Structure formats: structure tokens, C-alpha cells
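What follows is a set of notes on a single structure, which appears directly below.
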Amino acid sequence: MSYLVTLPGIMLSTVLFLNLQDYSKSHELSEYQPIKENMFQVKTLEESMVAGEEIYLDFCMQCHLADGKGVPNAFPPLAGSDWLSSKRKESIHAIKFGLNGEIKVNDVIYNSAMTPLGLEDEEIADVMNYIMNSWGNTQETMVTPEEVAAIKK
Numbered sequence: 035m036s037y038l039v040t041l042p043g044i045m046l047s048t049v050l051f052l053n054l055q056d057y058s059k060s061h062e063l064s065e066y067q068p069i070k071e072n073m074f075q076v077k078t079l080e081e082s083m084v085a086g087e088e089i090y091l092d093f094c095m096q097c098h099l100a101d102g103k104g105v106p107n108a109f110p111p112l113a114g115s116d117w118l119s120s121k122r123k124e125s126i127h128a129i130k131f132g133l134n135g136e137i138k139v140n141d142v143i144y145n146s147a148m149t150p151l152g153l154e155d156e157e158i159a160d161v162m163n164y165i166m167n168s169w170g171n172t173q174e175t176m177v178t179p180e181e182v183a184a185i186k187k
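In my numbering, the protein residues as written are 35 to 187.
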């Protein structure tokens with residue numbers, strides 16, 4: 035009985051294997067198209083913010099708190115932050131590569147470390163769009179994954 039149960043499985047895998055071998059012989063590698071450079075999904079600002087909120091809750095809230103006000107003398111506020119609004123590239127860089135050393139936010143000096151979070155460019159764009167459109171923050175231009183990708187260490 036077990037011979038009859040396994041026999042169709044063996045025959046099926048053999049047929050699939052032979053078909054794949056025939057397929058690979060008939061298709062040259064030169065026929066394959068390169069991967070498109072822009073593989074990012076296009077999102078609306080609202081969709082990006084929804085995804086960004088989830089990322090914020092997972093990665094950022096522990097230090098900057100749910101209301102974005104941060105911890106005095108330890109972690110700078112994101113809510114109403116002049117640093118975020120005037121230093122867009124630096125803000126993206128900090129999320130992408132981390133930040134160490136003094137920064138001045140709303141006339142207060144902060145000197146702590148933020149480790150790189152290991153987020154993908156699209157995730158960084160999403161969380162930036164969430165931060166830059168929450169707690170009284172506003173931005174004129176949506177952060178895109180392509181903009182994030184252009185920020186180098």
C-alpha cells in the first residue's frame with residue numbers, strides 16, 4: 035500500500051525535474067531581463083503614514099515616546115522639532131545610519147546616541163512621513179524611498 039502512495043509522488047517529481055531540465059536547455063541566460071532599478075511600491079502619503087506609524091511604534095517610541103515629545107535631557111522631541119524641519123537630509127541620515135554626538139533641538143542640546151535601526155529605504159521614508167506629519171509637524175514634500183536611497187554614509 036505504501037508503495038502505491040509514494041509511486042505517484044516519485045513520478046511527479048521526476049516529470050517536473052525533466053521538464054525543468056528541458057526548459058533550462060531551451061532558454062539561454064541572455065534572454066533574461068535585468069531587474070528593474072526602481073522596485074519601490076508607489077504609495078500615497080496617507081498609506082506611507084499608516085506604515086510609518088507601525089514602524090514608529092516598533093522602533094522609535096521607546097525613546098521618543100508615543101506623543102513624540104522625547105525624554106528631557108536624554109532623547110530629543112520629534113513633536114514640533116526645529117531640527118527635523120530644517121535638517122531633512124540629516125534626519126534621514128540619522129534614521130538610516132544612526133546618530134552620535136551633540137545636536138541642538140528647539141534650543142536644547144542633546145548628546146546621546148541613536149543606533150542604526152536596520153530599516154529598508156521604504157521603511158525609513160514611511161516613518162519619516164509619519165513623523166513629519168504628526169504632533170504638529172508638517173512637510174511640503176513627501177519623503178520617497180528614492181530620496182532615502184540617495185543618502186549615503
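By construction, the Cβ of each residue, glycine as well, lies at the ideal position given by its N, Cα and C atoms.
Computed from a prediction, not measured in an experiment: that's the story for all the values here.
- K130: first and last residue of the uninterrupted alpha helix (DSSP H) it sits in: 122–131
- Message: Please return the same chain residues whose Cβ sits closer than 8 Å to the Cβ of N167, not counting the five positions on each side in sequence.
- Response: L79, M83, Q173
- Check the DSSP bridge columns for M148 and list the partner residues they point to. L133
- Message: Taking the alpha helix (DSSP H) that V161 belongs to, which residues open and close that run?
- Response: 155–165
- Message: My assumption, with CB atoms under 8 Å, is that Y144 sits in contact with Y90. Please give the rounded CB distance.
- Response: Incorrect: roughly 19 Å between the Cβ atoms, too far for contact.
- Message: Looking at the secondary structure, which residues open and close the alpha helix (DSSP H) in which F109 lies?
- Response: From DSSP, F109 is part of no alpha helix (DSSP H); its letter is neither H nor E.
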